[in-house]
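Colleague:
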Amino acid sequence: MSRSRLFASLCGLVFLLNLARIIFAPLLDVIIAEFSIGEATAGLLVTLAWVGSAAPRLPTGWLLTKVPRHSVVIGSGAILTVASGFAATATSVRHLMVGAFLMGIASGVYFVSANPFLSELYPDRVGHVIGIHGAASQIAAVIAAPLVALTLLVDWRLSLWAIAVGAAVVTAYTGVAAMRTELPRAGSEDRNFVAGALSEWRIIVTALAIVGIASFIWQGVFNFYELYMQSKGLSPRASGLMLTIVFAAGIPAFYFGGDLADRLPRVPYLLGVVGTFAGTLLVLTTVDGLFGLIVMSGVIGFVIHALFPATDTFLLDTLPDSTRGSAYAVFSSLWMLIQALGSFVLGVFIEGGYSYDAVFIAAGLFLGATTLGLVVLERTGRLPS
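Residue numbers (my numbering): 1357 to 1741.
1. Here's the rule: buried if 16 or more other CB atoms are within 10 angstroms of the residue's CB, otherwise exposed. What is leucine 1721?
2. What is the DSSP secondary structure of leucine 1590, reduced to helix, strand or coil?
3. Determine, using beta carbons only, whether alanine 1396 and valine 1704 come nearer to each other than 9 Å.
4. For tyrosine 1684, collect the residues of the same chain with a Cβ closer than 8 Å to its Cβ; drop the 5 residues on either side in sequence, then sort them by chain order.
5. So which of Val1731, Gly1681, Phe1371 and Phe1716 has the shortest CA-CA distance to leucine 1554?
6. Of all the beta strand (DSSP E) runs that stay within the bounds of the segment 1468-1504, which reach a length of 3 or more residues?
7. In terms of residue numbering, what span does the alpha helix (DSSP H) encompassing asparagine 1579 cover?
8. Which residues mark the beginning and the end of the alpha helix (DSSP H) in which serine 1682 is found?
9. If you draw a straight line from the alpha carbon of alanine 1520 to that of alanine 1443, how long is it in whole angstroms?
10. Does the distance from the CB of leucine 1372 to the CB of alanine 1496 come in under 9 Å?
11. What do you reckon, are the CB atoms on alanine 1754 and alanine 1609 nearer than 9 Å?
12. What residue does the alpha helix (DSSP H) around arginine 1433 start on, and which one ends it?
13. Can you give me the start and stop residues for the alpha helix (DSSP H) that leucine 1400 sits inside?
14. Ends of the alpha helix (DSSP H) at arginine 1547?
15. Do you know how far the Cα of isoleucine 1566 is from the Cα of leucine 1690?
16. How should methionine 1535 be labelled, buried or exposed, when 16 other C-beta atoms within 10 angstroms of its C-beta is the threshold for buried?
17. What residue range does the alpha helix (DSSP H) around aspartate 1644 cover?
18. Decide yes or no for the touch test of the segment 1455-1462 against the segment 1483-1498: beta carbon pairs closer than 8 Å, at least 3 of them.
19. Quick one: measure Cβ to Cβ for glycine 1657 and isoleucine 1601, integer angstroms, because I've assumed they're closer than 8 Å.
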């Protein structure tokens, strides 16, 4: 029961941390108008939140060889509390960028420490637990756009203040729950960060090769999804609804994706998800009607979000206790850095005069080609499983 309560508190904390990363996407229209910035600068703002999420992952991996995982998790909640309050007081775009970066740092510290911690709390159900935990974070993505719409009735900064207050309360409860729980000692042997990561380089490189490009493309797609829908003729309200559908589809995707990751061969499953995402992105560019966009938003949202629990399960269940924290931190850091650049790159192309459809078609074709190449390597036994 004590582990269940701790797990519930972690689900609450990840909800707020993911909300902190997602909240800037539905705020882009408001931020562009208030601070008089262009799409590239807006993309850079979102990119900084994700760069912030990537930046502390290597140092956090080293910290986990010295400090218990639950202590680092609680520290991430404290960072989020302060960072969200700082961002809420922004009077310039630079101030807001610093706040977004710090909010990203909180999420980076959390995920590097919490995901291995969860896999060690429930070693026999890694995919299932990661899936539920991911579904909790995805609920935040679903309510981000409606939350922003609600806070705009008062002030858009209210959404950031809500994150700050919520983080303070949930972090305190997580600390109490951790003190009352018998915690696992599975990570006690992971005490050499560099050696642990280097010993698992083949698994790390394989995972990045499979999911890196897909996540890079997805960052650009979802952060500009509302603007993309508006370019297809939808109203701002309808465009916000499309983004909500994308994220809502991720809730069952995390749950079922985690279960499937426990049951299916890991590498073929990952390749199947990535290849399907490439196909759905290409189909999305051909759809214009409201009904078709609703359907495709749901499909692409389900497919891409199934990728995340599958990736974490592959890493966390494959890596041994003696290297899990170190190797996962290196993978997570590199993966997030790759993702973080997606929004900025897309913003540059759009400001350069390219249409969303043209960029997405090129991205889908490139992703499909690279996935096909990886399938050939997997079938010939050249990828580690």
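The beta-carbon is built from N, C-alpha and C at its ideal position, and this holds for glycine as well.
Modeller: In short, the structure shows the following:
1. Here residue 1721 refers to the residue found at position 365 when the sequence shown is read from its first residue. Result: exposed.
2. Numbered from its first residue, the sequence shown carries residue 1590 at position 234. Under the three-state reduction of DSSP, leucine 1590 is assigned to coil, being neither helix nor strand.
3. On the sequence shown, position 40 is the one that residue 1396 refers to. On the sequence shown, position 348 is the one that residue 1704 refers to. Yes, they are a contact pair.
4. What you label residue 1684 is simply residue 328 of the sequence shown in a count that begins at 1. Answer for tyrosine 1684: Gly1417, Val1468, Asn1471, Pro1472, Leu1671, Leu1672 and Leu1675, listed in chain order.
5. Counting from one through the sequence shown, the residue named residue 1554 turns up at place 198. For the options Val1731, Gly1681, Phe1371 and Phe1716, the alpha carbon positioned closest to that of leucine 1554 is the one of Gly1681.
6. Within the segment 1468-1504, no complete beta strand (DSSP E) run reaches 3 residues.
7. Your numbering for residue 1579 matches position 223 in the sequence shown. Under the DSSP assignment, asparagine 1579 falls in the alpha helix (DSSP H) whose first and last residues are 1557-1579.
8. On the sequence shown, position 326 is the one that residue 1682 refers to. Where serine 1682 is concerned, the enclosing alpha helix (DSSP H) starts and stops at 1680-1707.
9. On the sequence shown, residue 1520 is found 164 positions in, with the first residue counted as 1. On the sequence shown, residue 1443 is found 87 positions in, with the first residue counted as 1. If I take the Cα positions, the gap works out to 10 Å.
10. Within the sequence shown, residue 1372 is the residue found at index 16, counting from 1. Within the sequence shown, residue 1496 is the residue found at index 140, counting from 1. Cβ distance < 9 Å, so leucine 1372 and alanine 1496 count as in contact.
11. With the chain covering only 1357 through 1741, there is no way to say anything about residue 1754.
12. Numbered from 1 along the sequence shown, position 77 holds the residue referred to as residue 1433. Before going further, note that residue 1433 is glycine rather than arginine in the sequence given. Counting along the chain, the alpha helix (DSSP H) containing glycine 1433 begins and ends at 1425-1444.
13. Indexing the sequence shown from 1 puts residue 1400 at position 44. First-last of the alpha helix (DSSP H) with leucine 1400: 1395-1410.
14. Residue numbering aside, residue 1547 sits at position 191 when the sequence shown is read from its first letter. Unbroken run through arginine 1547: none, as it is neither H nor E.
15. One-based indexing of the sequence shown puts residue 1690 at position 334. One-based indexing of the sequence shown puts residue 1566 at position 210. If I take the Cα positions, the gap works out to 13 Å.
16. Position 179 of the sequence shown holds residue 1535. Exposed, by the Cβ-count rule.
17. Residue numbering aside, residue 1644 sits at position 288 when the sequence shown is read from its first letter. The continuous stretches of alpha helix (DSSP H) do not include aspartate 1644, and DSSP gives it neither H nor E.
18. Result no; under three Cβ-Cβ pairs closer than 8 Å.
19. Residue mapping note: residue 1657 aligns to position 301 of the sequence shown, counting from 1. Residue mapping note: residue 1601 aligns to position 245 of the sequence shown, counting from 1. Taking 8 Å as the upper bound for CB-CB distance, glycine 1657 and isoleucine 1601 are in contact here, some 6 Å apart.
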